[in-house]
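J.: Supplied in structure tokens, the structure appears directly below.
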Amino acid sequence: MEGLFGVVPEPVLCHPQLNGTDVRVYAVLAMRAGARGWCWPSLRDLAAQAHVSGRSVRRATNKLEAVGFISRQYHDGRLIYLVTHKVFNMVFNGGDNPAPPG
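Start counting the sequence shown at 1; every next residue gets the next number (the working numbering).
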């Protein structure tokens, strides 16, 4: 995945309830997200790319969802993530998050 990057908006980076691991997991999700904000990496891939444990990914995604920066849902039997921060949405898809990819 050389050459990819993830956008981390200042409100995510400076959020008082998030730690460095949470921000790192967000960055990986942002890097993996398509133009509409959706991605579906495995827990193992997220952990490997963020250089943290699977348990840390679970904690981070729980916190990121609780503060509103991502949402998670199951689609076709697979956990998918939606990067929901308004800055990400405005930059990459005009502020709209359509239905999950089919």
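Note that beta-carbon positions come from the ideal geometry of N, C-alpha and C, so glycine has one too. Remember, predicted model here, so these are calculated numbers, not experimental data.
In chain order, which alpha helix (DSSP H) runs of at least 4 residues are fully inside the segment 10 to 67?
T.: As far as the segment 10 to 67 is concerned, its whole alpha helix (DSSP H) runs of at least 4 residues are 10 to 13, 20 to 32, 43 to 50, 54 to 66.
J.: Using a Cβ-Cβ distance under 8 Å, would ALA30 count as near chain D?
T.: Within the model displayed, chain D is absent; a lone protein chain is all it includes.
J.: Three or more C-beta pairs under 8 Å: does that hold for the segment 44 to 54 against the segment 62 to 77?
T.: As far as the Cβ criterion goes, the segment 44 to 54 does not touch the segment 62 to 77, which means the pair count is below three.
J.: What would DSSP say about LEU82, mapped onto helix, strand or coil?
T.: Strand.
J.: How many Å lie between TYR74 and ILE80 at the Cα?
T.: Approximately 6 Å between the Cα atoms of the pair.
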